[in-house]
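Below you'll find the structure, written out as structure tokens, and then a few comments.
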Amino acid sequence: MTNRKYLLFFAVILLMGSCKRFLDVKPKGKLIPSSVTDYDHLLDNSGTVELNFLDGNKGSMLAHLGDNLEMTEGQGKVGYLLSGHPNLERYYAYIFRQPYKNPNTDDQFWSSGSQGIYPQISYFNNVIEGIRSIDQKTPEEATIGRISVAQALVARAWCYFNASMIYGPVYKPGGDNSAKTIPYLVDVDVNKPIPNLSTTEEVAARVLHELHEALPDLPVRSSWPSRANKATGHAMLAYYHLFTRQFDSVAYYANRAWTAAGNPEAVLYDYNKFKLADPSRPLTSLLVSQQDAFTNAVNSREILFYRATERDAGMGASLSYPSAELIALHDQARDLRFSFFYLNSAGYKTTMGGGYDDGMRISNYRFRKMKLTDGFSWPEILLMRAEGYARTNRLDLAIADLNTLRQYRFKTGTPPLTAGTQDEVIRLVLEERRRELPIGGFKRFLDLKRFTLDKGKPWSKSRITHTIAGQTYSGTVDSKDFIVPISNVVLRFNPNWGIPLETRPY
15 MTNRKYLLFF
25 AVILLMGSCK
35 RFLDVKPKGK
45 LIPSSVTDYD
55 HLLDNSGTVE
65 LNFLDGNKGS
75 MLAHLGDNLE
85 MTEGQGKVGY
95 LLSGHPNLER
105 YYAYIFRQPY
115 KNPNTDDQFW
125 SSGSQGIYPQ
135 ISYFNNVIEG
145 IRSIDQKTPE
155 EATIGRISVA
165 QALVARAWCY
175 FNASMIYGPV
185 YKPGGDNSAK
195 TIPYLVDVDV
205 NKPIPNLSTT
215 EEVAARVLHE
225 LHEALPDLPV
235 RSSWPSRANK
245 ATGHAMLAYY
255 HLFTRQFDSV
265 AYYANRAWTA
275 AGNPEAVLYD
285 YNKFKLADPS
295 RPLTSLLVSQ
305 QDAFTNAVNS
315 REILFYRATE
325 RDAGMGASLS
335 YPSAELIALH
345 DQARDLRFSF
355 FYLNSAGYKT
365 TMGGGYDDGM
375 RISNYRFRKM
385 KLTDGFSWPE
395 ILLMRAEGYA
405 RTNRLDLAIA
415 DLNTLRQYRF
425 KTGTPPLTAG
435 TQDEVIRLVL
445 EERRRELPIG
455 GFKRFLDLKR
465 FTLDKGKPWS
475 KSRITHTIAG
485 QTYSGTVDSK
495 DFIVPISNVV
505 LRFNPNWGIP
515 LETRPY
């Protein structure tokens with residue numbers, strides 16, 4: 015296989031089959047897209063939303079590096095090691111044993127068959143370049159084309175911005191951002207030179223440029239939450255500035271996104287109006303809302319931009335539990351998220367390896383009862399605005415946003431929060447963010463990385479420590495412990511990147 019041919023995994027792996035799978039639209043067959051409509055349909059392919067920074071079983075080692083999960087001896091020694099679990103990297107990440115992933119197999123975050131971020135990016139590049147290459151367009155096609163390109167630009171920027179901080183260090187404003195992270199591939203032509211790795215600074219600059227390029231053409235409403243609308247564009251700009259620490263811009267763009275929602279009731283579920291469909295089966299019963307029937311659907315009122323997240327993080331039978339620290343962050347008497355989702359159930363049990371029985375343990379059942387996203391939810395938009403306000407010392411506005419969300423999450427009658435010092439308000443916002451976002455996936459992982467820039471603050475951690483069977487394992491957040499290396503499978507065909515192969519045994 016030549017260097018150039020291997021670029022197929024970046025750009026052309028989906029070109030011939032790019033119309034193969036859609037999200038509830040009429041199949042188009044295995045045709046090479048040639049019209050604006052054909053390219054537009056690529057954005058409805060399920061491959062654009064699934065398995066971003068997830069393994070083949072919809073889990074993620076990234077969450078296992080963080081502080082939201084904990085693992086017991088039986089789960090580690092039997093559930094992963096003795097049982098030959100296909101995603102052993104989750105256990106290795108939990109004990110900070112490097113290399114976490116097998117360096118000589120495909121990295122499922124990156125590209126494995128039709129999975130990973132680069133197959134996703136292949137769709138977006140085909141849409142952008144394909145539509146731009148069509149010279150003759152009717153007025154209707156021109157309008158559809160502009161919207162589709164804008165939506166693809168935002169989707170691609172979301173992939174690259176997150177990937178750069180997963181495969182490299184967090185962005186450090188005013189610091190050294192010269193670390194090479196990922197190739198920023200934008201072409202579909204395999205005859206063009208293979209791109210070199212972009213630096214953290216280059217990725218950030220390009221993402222910002224493309225977001226502003228896309229924003230004017232994003233629609234006010236999109237056909238499905240997998241596609242960006244104007245509010246998504248503003249949310250992505252708020253998210254970008256959250257990590258580049260321009261907090262006045264965080265507040266500005268999060269406010270632009272949030273005000274597009276109109277009434278909070280339209281985008282937030284009131285947990286006081288929830289009940290279990292079958293109270294006699296709290297573990298398996300779905301939630302019923304007085305507001306609508308979409309709580310467990312992709313088009314849930316709370317989802318602005320849908321990207322699949324981890325499926326079973328914190329489920330004891332699925333080899334992890336919510337950490338004691340995470341559980342302790344909840345007001346167990348008044349926080350309805352705890353009442354509905356943190357349920358006591360039989361923990362991991364096996365007769366293998368001498369036998370292990372975790373007994374009754376609290377597991378997190380949120381994903382089983384509500385659809386979550388690693389894209390953007392409306393609660394996250396509100397919390398980004400609150401953080402922007404808190405970090406720019408507009409404390410009353412930050413507390414008001416917190417109380418807006420808590421009105422929908424805590425039992426009616428719970429006293430509202432009041433403002434304290436700036437650090438106290440920031441801490442309250444970040445604790446609410448941790449309670450609200452999925453406990454799996456990559457969001458907490460990246461938050462831990464950006465919080466290292468708040469050295470000395472109570473929410474900043476320089477090291478994460480995990481314990482199994484009395485043995486302690488630690489990883490340093492701002493280090494290679496929290497960076498996913500590029501697989502040898504990719505490096506062997508890109509020696510010009512200058513990255514040595516991983517030679518440690520797996």
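For the sequence shown, the working numbering assigns the number 15 to the initial residue and increments by one for each residue that follows. Glycine is no exception: its CB is placed at the ideal position from the N, C-alpha and C atoms. Predicted, not measured: the structure shown is a model, and the values here were computed from it.
Can you tell which of the options has its C-alpha closest to the C-alpha of residue i?
| i | options | result |
| --- | --- | --- |
| Ala265 | Arg420, Leu79 and Gly402 | Gly402 |
| Gln10 | Ser48, Gln122 and Ser97 | Residue numbering for the chain in the displayed model covers 15 to 520; residue 10 lies beyond these limits and cannot be assessed. |
| Glu324 | Leu57, Asp52, Arg104 and Gln436 | Arg104 |
| Ile413 | Asp437, Leu211, Lys463 and His226 | Asp437 |
| Asn510 | Asp495, Leu333, Lys287 and Ser212 | Ser212 |
| Pro187 | Pro429, Gln260, Phe308 and Met374 | Gln260 |
| Asp410 | Thr152, Met374 and Val439 | Val439 |
| Tyr522 | Glu450, Leu282, Trp473 and Leu251 | Look at the range of the chain in this structure, 15 to 520, and you will see that residue 522 is not part of it. |
| Tyr174 | Phe110, Leu318, Val141 and Trp124 | Trp124 |
| Gln304 | Lys206, Pro230, Asp284 and Val50 | Asp284 |
Buried or exposed: which applies to residue i, given that a residue is buried once 16 or more other Cβ atoms fall within 10 Å of its Cβ?
| i | result |
| --- | --- |
| Gln165 | buried |
| Asp492 | buried |
| Asp38 | Note that Asp38 has pLDDT 28, beneath the 50 cutoff, so the model's placement of it is unreliable and the number below is only indicative. It counts as exposed. |
| His248 | buried |
| Val217 | buried |
| Val163 | buried |
| Val234 | exposed |
| Glu279 | exposed |
| Ser136 | buried |
| Gln129 | buried |
| Thr479 | exposed |
| Pro117 | buried |
| Lys44 | For Lys44, the predicted structure reports a pLDDT of 42, less than 50, and the residue's modelled location is therefore unreliable. A value from the coordinates is still provided. The residue in question, Lys44, is exposed, as its Cβ has fewer than 16 Cβ neighbours within 10 Å. |
| Asp529 | Residue 529 lies beyond the range of the chain shown here (15 to 520); nothing can be said about it. |
| Pro519 | exposed |
From which residue to which residue does the beta strand (DSSP E) around residue i run?
| i | result |
| --- | --- |
| Gln9 | No information on residue 9 is available, as it lies outside the stretch 15 to 520 that the chain covers here. |
| Lys289 | Phe288 to Leu290 |
| Ile317 | Ile317 to Phe319 |
| Lys383 | Note, Lys383: premise wrong, no beta strand (DSSP E); alpha helix (DSSP H) at Arg380 to Lys383. |
Please list the terminal residues of the continuous alpha helix (DSSP H) segment that includes residue i.
| i | result |
| --- | --- |
| Gly47 | The question names Gly, yet the displayed sequence has Pro at residue 47. That residue, Pro47, is in no alpha helix (DSSP H); it is neither H nor E in DSSP. |
| Lys457 | Lys457 to Phe465 |
| Ala311 | First-last for Ala311: undefined, no H or E at that position. |
| Asn407 | Run containing Asn407: none; DSSP gives neither H nor E here. |
| His226 | Thr214 to Ala228 |
| Arg449 | Gln436 to Glu450 |
| Lys244 | Lys244 to Phe257 |
| Ser303 | Here Ser303 belongs to no alpha helix (DSSP H); instead the beta strand (DSSP E) covers Leu301 to Ser303. |
| Ile158 | Pro153 to Ile180 |
| Phe261 | Phe261 to Ala275 |
| Leu232 | Note, Leu232: premise wrong, no alpha helix (DSSP H); not H, not E. |
| Met75 | Met75 to Leu79 |
| Leu95 | Premise fails: Leu95 is in no alpha helix (DSSP H) and is neither H nor E. |
| Ala433 | Segment: none, Ala433 is in no alpha helix (DSSP H) and carries neither H nor E. |
| Glu103 | Glu103 to Tyr108 |
Using DSSP bridges, identify the partner residues of residue i.
| i | result |
| --- | --- |
| Tyr84 | Looking at the sequence provided, one finds Glu at residue 84 rather than Tyr. The partner list for Glu84 (beta bridge, DSSP) reads Tyr335. |
| Ala563 | Since the first residue of the chain shown is 15 and the last is 520, residue 563 is not available in this structure. |
| Ser476 | DSSP lists no partner for Ser476. |
| Asp349 | Phe424 |
| Phe390 | Phe319 |
| Pro197 | Leu211 |
| Ile482 | Gln485 |
| Gln129 | Ser126 |
Under 8 Å, Cβ to Cβ, is there at least one residue of chain B near residue i?
| i | result |
| --- | --- |
| Thr62 | No chain B is part of this structure, which consists of one protein chain only. |
Between the segment 288-299 and the segment 326-341, can you find at least three pairs of beta-carbon atoms closer than 8 Å? These segments do not touch.
Give a yes or no on contact between the segment 350-363 and the segment 392-406, applying the rule of three or more CB pairs nearer than 8 Å. No, they do not touch.
Can at least three beta-carbon pairs, one atom from the segment 466-482 and one from the segment 427-435, be found at a separation below 8 Å? Not touching, per the Cβ criterion.
Would you call the segment 154-163 in contact with the segment 80-96, where contact means no fewer than 3 C-beta pairs closer than 8 Å? No, they do not touch.
Indicate whether the contact test is met: 3 or more Cβ pairs, each with one atom in the segment 84-100 and one in the segment 358-375, closer than 8 Å. Contact holds: three or more Cβ-Cβ distances are below 8 Å.
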